[in-house]
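Peer 1:
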Amino acid sequence: MVSTIEETRASPVPIGARDFASVPRRWTSLARQLPILPLAILVPFILLALFANWIAPYDPTEPIPGAKIFEPPFWMQGGSSRALLGTDFQARDLFSRLLFGARVSLIVGVMGTIVAGSIGTALGILSGYLGGWVDQVIMRVTDAWLALPALVFAIFLATMIGPSMWNIVVILGLVYWTRYARVIRGEVLSLREREFVKLAEIAGGSRARVIFRHILPNVLNSTMVLASLTIGVVIIAEASLSFLGVGVPPPEPAWGSMLADGRSMLMVGDWWLTVFPGLGILLVVLATQLLGDWLRVRLDPQLRNM
Amino acid sequence: MARFMMRRTLYAIVTLFILSLTIFAVVRLTGDPVTLLAEPGARAEDLDRVRAEWGLDRPWPVQYVAFARNILTGQLGKSFNYEMPVSTLYFQRLPNSLELALAATLISFFIGIPAGIISAVRVNSAWDNFGKTVALLGLSVPGFWLGLVMILIFSVWLHWLPTSGQGGWQHLIMPSLALGWYFAASLLRLTRSSMLEVLRSEYVKLARLKGLPGYVVLAVHAFKNAMIPVLTLAGVNLVVMINAAVIIEVIFAWPGIGRLLYEGIFQRDFPLVQGVVMEAGIMIVMINLIIDLLYAYIDPRIRLTK
């Protein structure tokens with residue numbers, strides 16, 4: 025009897041934390057549990073993006089001195105080791121541009137997800153815990169903003185706010201927070217009725233204390249799971265905006281705008297301008313999806329089939 | 338039933354009101370829309386003239402009333418560039434977008450539903466893994482990049498299909514594949530989980546116990562019920578595809594609604610952008626309302642519990 029009271033009084037330990045705690049502290053078993061494939065893709069990309077300044081052989085925004093435009097990759101006829109993956113329409117080095125483009129994609133993907141997740145989780149908790157008119161207002165706005173297709177909404181905001189990388193982060197945050205708010209609110213509605221929250225309230229805990237000590241830690245798992253689903257979507261959304269010319273403005277290299285630049289040369293068969301940036305997007309998004317699957321199994325077995 | 342319908346309709350109206358307010362606010366809060374309309378470096382008196390012509394010199398509430406009246410009369414404002422009501426332009430393009438979206442829906446059915454069913458029937462088999470891989474790729478490969486790569490392979494290298502434009506069925510293959518790709522993955526996932534749920538239900542077990550052959554249980558008993566959420570999603574997807582196929586329509590020079598939006602961005606035609614976004618929102622709120630009402634009509638549990 026005593027133990028049940030103990031259990032209901034404390035916030036339950038998040039499922040994921042318990043999982044990690046039960047893992048024997050041996051490196052071999054830990055290594056076996058790590059998601060090898062996604063990490064093998066993501067870690068190199070992150071390192072390349074971080075150290076792009078040192079790794080990139082050329083300035084991504086300036087032509088290579090003496091190089092021709094549309095040079096093919098080095099293994100093709102007409103290519104040279106000067107520009108490993110060829111040059112674009114301004115004789116800029118495609119390889120260097122890809123490295124800096126990776127930086128843009130990863131920054132926007134991670135920061136956009138963080139912005140969306142923070143707004144959505146905060147409003148979801150407020151909506152679910154406070155209820156009443158606060159709930160009504162937040163949920164009606166959520167409904168309305170969810171009604172617009174994400175890309176159309178993002179294009180609209182980007183057209184009006186103007187292009188820059190940090191604007192895109194804010195815009196994608198504004199577009200994607202609604203998904204978090206819905207899910208988190210639902211969770212809070214059931215958490216609110218749980219014993220440990222009731223007891224915390226009876227014990228005289230302030231609203232802020234209940235929210236930060238008892239509600240927030242218990243919805244963070246869902247936030248993480250949603251974040252793992254969002255990050256790839258955000259990266260593709262950024263590429264789409266940049267492709268349409270309302271994303272990261274030139275001459276800053278972004279994979280989406282590189283695809284748009286390469287489009288005109290696609291018709292004469294200059295495939296490298298289109299294939300490489302797309303492969304970059306594909307690999308990074310694939311890796312985040314796989315990492316998300318792994319995280320989902322760890323953090324919330326119920327969401328495995330989502 | 339009547340009360341349920343009333344409440345749902347009221348929610349839809351509130352949603353549209355908030356949507357219109359959002360769009361109105363974004364256009365005016367993010368800077369002077371006249372600077373978007375006018376050529377860069379236009380004279381101040383020209384800007385004032387444009388401002389007066391568009392009523393942008395009036396107080397905000399007056400402007401909003403005019404904006405709302407425009408929506409309610411079905412005009413959605415006048416395009417700056419075409420000098421026509423946005424709704425006229427929108428409905429001119431609608432058949433083209435509908436054609437593309439229907440073809441893409443068919444493709445997503447052909448890929449997503451059979452693969453989802455096989456995955457569910459043979460859980461954790463090679464088929465299931467294949468289905469999971471397709472779903473993963475559907476979410477990771479950006480549709481517009483797939484479109485570009487298809488143009489490269491089938492138009493530029495093999496000369497099998499036309500690169501762009503509207504015409505016979507050959508023109509429809511690549512854009513609808515590129516557009517339907519992502520939605521095929523989402524249908525696959527939903528079909529699989531929906532089918533798994535139905536196969537676990539009591540009435541399917543009973544059908545098996547009665548000694549019905551496996552294919553009858555699958556095709557007659559399980560399939561029908563499992564398709565309800567799938568068809569709902571397909572309905573929503575269709576409307577999203579009509580309105581959000583921006584990049585695919587740009588790549589394949591398809592004269593649809595997405596391309597209209599793109600033209601609006603490039604011609605700095607903010608009334609057009611604003612109108613198309615609003616119209617997309619209206620369409621989606623309407624389809625959601627219709628689906629809700631149909632569900633309530635079919636399934637009394639919904640209208641009684643909510």
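Chain order of the listed sequences is E and Y.
End of the first sequence = 330 in our numbering, gap-free, step of one.
End of the second sequence = 643 in our numbering, gap-free, step of one.
In this text, a Cβ means the ideal position worked out from N, Cα and C, and glycines have one as well.
1. Tell me whether Y/Pro479 sits in a helix, a strand or coil according to DSSP, three-state version.
2. Take E/Ala205 as the anchor and find which of E/Val272, E/Gly152, E/Ser266 has the nearest alpha-carbon.
3. Counting only the same chain and skipping the five closest in sequence on each side, list residues whose C-beta sits under 8 angstroms from that of Y/Val371.
4. Smallest Cα separation from Y/Ile408: which of Y/Pro479, Y/Leu356, Y/Trp397?
5. May I ask you to list, following chain order, the residues of the region 289 to 301 of chain E that have a beta carbon less than 9 angstroms from some beta carbon of chain Y?
6. Within 10 Å of its beta-carbon, does Y/Glu600 have 16 or more other beta-carbons around it, so buried, or fewer, so exposed?
7. Tell me the rounded alpha-carbon separation between Y/Ala582 and Y/Pro550.
8. Can a CB atom of chain E be found closer than 8 angstroms to the CB of Y/Tyr599?
9. Measure how close the beta-carbons of Y/Leu631 and Y/Thr346 come, nearest whole angstrom, since I'm counting them as under 8 angstroms.
10. From Y/Val458 to Y/Ala617, what does the alpha carbon distance come to, in whole angstroms?
11. Note down, in chain order, each residue of its chain lying with its Cβ closer than 7 angstroms to the Cβ of E/Ala41, except the 5 sequence neighbours on either side.
12. In whole angstroms, give me the CA-to-CA distance for E/Phe177 and Y/Glu382.
13. Pair every Cβ in the region 571 to 581 of chain Y with every Cβ in the region 169 to 188 of chain E, then say whether three or more of these pairs are closer than 8 angstroms.
14. How long is the line joining the alpha carbons of Y/Pro566 and Y/His558, rounded to whole angstroms?
15. So, helix, strand or coil for Y/Phe467, using DSSP?
16. DSSP state of E/Asp117, grouped into three classes?
17. Determine the contact status of Y/Leu598 and Y/Val423, defining contact as a CB-CB distance below 8 angstroms.
18. Within the region 366 to 449 of chain Y, note down every full alpha helix (DSSP H) run reaching 4 residues or more, in order along the chain.
19. Could you run through the region 466 to 478 of chain Y and flag, in chain order, every residue whose CB is less than 8 angstroms away from some CB of chain E?
20. Just checking, does the region 86 to 93 of chain E make contact with the region 112 to 123 of chain E on the three C-beta pairs under 8 angstroms criterion?
21. Quick check: is the beta carbon of Y/Phe341 nearer than 8 angstroms to any beta carbon in chain E?
22. Which residues, in order along the region 431 to 456 of chain Y, keep a beta-carbon less than 9 angstroms from a beta-carbon of chain E?
23. Are E/Gly144 and E/Arg203 closer than 8 angstroms when you measure CB to CB?
24. So is E/Thr334 in contact with chain Y if we call contact Cβ pairs under 8 angstroms?
25. Using a Cβ-Cβ cut-off of 8 angstroms, state whether Y/Leu356 counts as contacting chain E.
26. Using a C-beta to C-beta distance shorter than 7 angstroms, which residues of chain Y count as neighbours of E/Asp159?
27. Pull up the distance between the alpha-carbon of E/Val47 and that of E/Pro97, whole angstroms please.
28. With a Cβ-Cβ cutoff of 8 angstroms, do E/Val272 and E/Met184 count as a contact?
29. Assign Y/Thr410 to one of two classes, buried (16 or more other C-beta atoms within 10 Å of its C-beta) or exposed (fewer than that).
30. Is the region 466 to 486 of chain Y touching the region 530 to 549 of chain Y, taking contact as three or more C-beta pairs under 8 angstroms?
31. Contact check, E/Arg121 vs E/Met289 under 8 angstroms by CB: the rounded distance?
32. Answer with yes or no whether the minimum CB distance from E/Trp169 to chain Y is below 8 angstroms.
33. For Y/Thr528, which three-state DSSP category applies?
34. Within 10 angstroms of its Cβ, does Y/Ala515 collect 16 or more other Cβ (buried), or is it exposed?
35. Who are the neighbours of E/Ser264 on chain Y, taking C-beta pairs under 9 angstroms?
Peer 2: Put simply:
1. Of the three classes helix, strand and coil, the one that applies to Y/Pro479 here is coil, per DSSP.
2. E/Gly152
3. Only Leu384, Val387, Arg388, Trp391, Leu393 meet the Cβ criterion.
4. Y/Leu356
5. Leu290, Met291, Val292, Gly293, Trp295, Thr298, Val299, Pro301
6. buried
7. 43 angstroms
8. yes
9. About 14 angstroms separates the two Cβ atoms, so there is no contact after all.
10. 37 angstroms
11. In this predicted model, E/Ala41 has a pLDDT of only 48, less than 50, meaning its place in the structure is not dependable; the value taken from the coordinates is given anyway. Hits under 7 angstroms: none found.
12. 33 angstroms
13. yes
14. 15 angstroms
15. helix
16. strand
17. no
18. Within the region 366 to 449 of chain Y, the complete alpha helix (DSSP H) runs of at least 4 residues fall at 370 to 374, 381 to 390, 397 to 409.
19. Leu473, Leu474, Leu476, Ser477, Val478
20. yes
21. no
22. none
23. With respect to the 8 angstroms criterion, E/Gly144 and E/Arg203 are classified as neighbours on the basis of their beta carbons.
24. This structure gives no information on residue 334 of chain E, because the portion of chain E shown stretches from 25 to 330.
25. yes
26. Residues of chain Y passing the Cβ test: none, with the nearest at roughly 14 angstroms.
27. Confidence is the limiting factor: at E/Val47 the pLDDT is only 48, short of 50, which leaves the residue's position unreliable and the question unanswerable from this model.
28. No, they are not a contact pair.
29. That one is exposed.
30. no
31. Between E/Met289 and E/Arg121 the Cβ distance is about 15 angstroms, and since that is not below 8 angstroms, they are no contact.
32. yes
33. helix
34. buried
35. Pro479, Phe481, Val583, Ile584
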